[in-house]
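In full-length UniProt numbering, the protein residues as written are 1 to 419.
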């Protein structure tokens with residue numbers, strides 16, 4: 001046979017990826033377990049909240065003007081379904097796409113017009129991608145926490161919103177946290193070392209007994225000594241007789257300082273998740289908050305914005321709409337043109353006042369004059385200069401216009417006569 005159907009253990013796949021809990025004592029660095037790490041929690045929250053808070057707009061390709069497709073705008077920005085707001089839908093889709101590699105939602109369409117009516121979210125644990133035929137991808141949703149749950153729903157790819165920020169085949173997403181196992185593990189082990197150190201009462205010691213002890217006697221003495229210094233007794237005076245000699249073990253505090261001040265893992269988490277390290281308190285750059293925020297939005301967030309917008313174009317727009325418009329995240333209120341730049345653009349005939357309002361993130365005015373290019377009386381086109389000079393001479397009645405380099409015939413004759 002040239003082709004064969006691949007048998008995949010989807011449950012084991014999800015356990016291996018940390019989407020479903022396993023039975024290992026090893027810490028999970030992907031899936032929901034990764035949120036136990038404060039740096040991962042902070043980074044994921046930053047990204048997901050920014051994806052959720054900016055409105056999604058449909059722009060005309062030619063005029064770059066906002067097109068109002070009400071059904072799409074309502075679902076993406078206001079009310080995708082009866083359970084979630086648009087903010088929380090985008091937030092949890094982004095969180096799942098980062099933690100597990102994929103975020104899934106099913107589009108319920110009008111049976112006649114095929115227009116989207118509702119966006120139904122499904123967790124990754126209730127979703128399976130059937131890629132046995134890569135030319136006809138199917139998504140299988142098996143709800144387990146709904147009435148009538150347990151029945152699998154098979155949906156074609158064009159009816160599924162699929163958030164994935166990194167993919168190696170265009171079908172399955174891959175979590176960036178899978179590449180951070182060593183870094184997060186290093187941080188985890190360092191914190192564990194600190195916890196053990198402080199839990200032990202800030203001490204360790206060597207207890208020497210006079211004479212030779214059997215292994216059993218050594219064990220009993222150690223247990224008795226540990227019991228005397230455990231829990232509420234920690235830090236209390238140590239009492240021994242002359243048959244024992246106790247000496248504390250000196251600990252190099254430089255090692256503890258190194259563990260406590262090590263920012264390597266935090267910086268690696270920030271790098272892998274495409275957020276600036278200062279958002280995880282690694283450093284404090286010498287820039288204003290506005291500059292830092294604009295740089296984050298324009299340089300880092302497109303890594304998340306572009307895949308989402310591209311997938312929404314393929315699933316929420318018709319083919320005809322895709323030929324004439326595109327989807328973007330509207331960040332103009334924070335990254336748009338400043339008032340001074342708009343004023344310069346209008347004055348120099350680069351943009352109209354209404355175009356300036358749009359670039360600033362404001363609504364267009366209904367005043368038709370604001371759609372016209374503005375100019376001042378201090379400027380004139382080069383090809384109109386001679387005509388303007390003639391008109392100025394005629395209106396001035398022979399007045400010398402030294403600004404334009406004009407002089408009348410009468411002025412020349414008067415100079416010859418010595419007047």
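Even glycine gets a Cβ: it sits at the ideal position worked out from N, Cα and C.
Nearest residue (CA-CA) to residue i, options the options
| i | options | result |
| --- | --- | --- |
| residue 357 | 137, 45, 65 | 65 |
| residue 315 | 114, 128, 217 | 114 |
| residue 328 | 311, 391, 45 | 311 |
| residue 281 | 34, 42, 339 | 42 |
| residue 125 | 110, 138, 142, 374 | 142 |
| residue 122 | 77, 144, 51 | 144 |
| residue 72 | 91, 309, 101 | 309 |
| residue 108 | 168, 75, 296 | 75 |
| residue 90 | 216, 168, 392, 305 | 305 |
| residue 322 | 58, 50, 36 | 58 |
| residue 38 | 153, 279, 146 | 279 |
| residue 242 | 372, 223, 207, 265 | 207 |
| residue 423 | 263, 307, 287, 146 | Any answer about residue 423 is impossible in this case: the structure gives the chain only from 1 up to 419. |
| residue 184 | 263, 92, 389, 286 | 263 |
| residue 224 | 239, 286, 153 | 239 |
| residue 222 | 205, 212, 211 | 205 |
Environment of residue i [buried if 16+ CB atoms lie within 10 Å]
| i | result |
| --- | --- |
| residue 103 | buried |
| residue 21 | Only weak support is given to the placement of residue 21: the predicted model assigns it a pLDDT of 42, under 50, and the question is left unresolved by the model. |
| residue 3 | Confidence at residue 3 is low in this model, with a pLDDT of 43, below 50, so its placement is unreliable and the value that follows should be read with caution. Answer is exposed; the Cβ neighbour count stays below 16. |
| residue 129 | buried |
| residue 116 | buried |
| residue 368 | exposed |
| residue 44 | buried |
| residue 24 | Residue placement at residue 24 cannot be trusted, given a pLDDT of 40 that sits under 50; the coordinates are not used to answer. |
| residue 391 | exposed |
| residue 247 | exposed |
| residue 50 | buried |
| residue 412 | Residue placement at residue 412 is flagged as unreliable, the pLDDT there being 48, under the threshold of 50; the coordinate-derived value follows with that caveat. Answer is exposed; the Cβ neighbour count stays below 16. |
| residue 394 | exposed |
| residue 48 | buried |
| residue 158 | exposed |
| residue 93 | buried |
| residue 26 | Reliability of the predicted coordinates at residue 26 is poor, the pLDDT of 44 falling under 50, and the value obtained from them is presented with this limitation in mind. So residue 26 ends up on the exposed side. |
| residue 214 | exposed |
| residue 106 | buried |
| residue 86 | buried |
| residue 146 | exposed |
| residue 403 | For residue 403, the predicted structure reports a pLDDT of 49, less than 50, and the residue's modelled location is therefore unreliable. A value from the coordinates is still provided. Under this definition residue 403 is an exposed residue. |
Inter-residue Cα distance where the pair is residue i and residue j
| i | j | result |
| --- | --- | --- |
| residue 324 | residue 32 | 40 Å |
| residue 332 | residue 362 | 9 Å |
| residue 175 | residue 61 | 33 Å |
| residue 182 | residue 301 | 25 Å |
| residue 54 | residue 330 | 6 Å |
| residue 19 | residue 277 | No answer about residue 19 holds up, because its pLDDT of 46 lies below 50 and its placement is not dependable. |
| residue 296 | residue 267 | 16 Å |
| residue 370 | residue 355 | 9 Å |
| residue 151 | residue 139 | 13 Å |
| residue 111 | residue 127 | 23 Å |
| residue 189 | residue 337 | 47 Å |
| residue 202 | residue 36 | In this prediction, residue 202 has a pLDDT of 48, which is less than 50 and means its spatial position is unreliable; nothing more can be read from the coordinates. |
| residue 220 | residue 265 | 42 Å |
| residue 288 | residue 339 | 19 Å |
| residue 56 | residue 387 | 51 Å |
| residue 348 | residue 283 | 41 Å |
| residue 374 | residue 319 | 38 Å |
| residue 63 | residue 350 | 15 Å |
| residue 326 | residue 372 | 26 Å |
| residue 84 | residue 227 | 54 Å |
| residue 360 | residue 82 | 34 Å |
| residue 186 | residue 67 | 50 Å |
| residue 78 | residue 303 | 24 Å |
Integer-rounded CB distance, given that residue j should sit under 8 Å from residue i
| i | j | result |
| --- | --- | --- |
| residue 272 | residue 179 | 6 Å |
| residue 156 | residue 119 | Rounded, the Cβ-Cβ distance is 16 Å, inconsistent with contact. |
| residue 172 | residue 101 | 7 Å |
| residue 269 | residue 40 | 6 Å |
| residue 217 | residue 244 | About 12 Å; that fails the 8 Å criterion. |
| residue 352 | residue 298 | The pair is not a contact, with the Cβ atoms about 24 Å apart (cut-off 8 Å). |
| residue 52 | residue 177 | In fact, because the Cβ distance is near 20 Å, the residues do not count as touching under 8 Å. |
Below-8 Å beta-carbon distance, residue i vs any chain B residue
| i | result |
| --- | --- |
| residue 354 | Looking for chain B here will not work: only one protein chain is present. |
Contact the region 88-108 vs the region 147-162: 3+ CB pairs below 8 Å: yes
Inter-stretch contact at 8 Å, needing at least 3 Cβ pairs: the region 130-146 / the region 340-347: no
Three or more C-beta pairs below 8 Å linking the region 185-194 and the region 280-295: no
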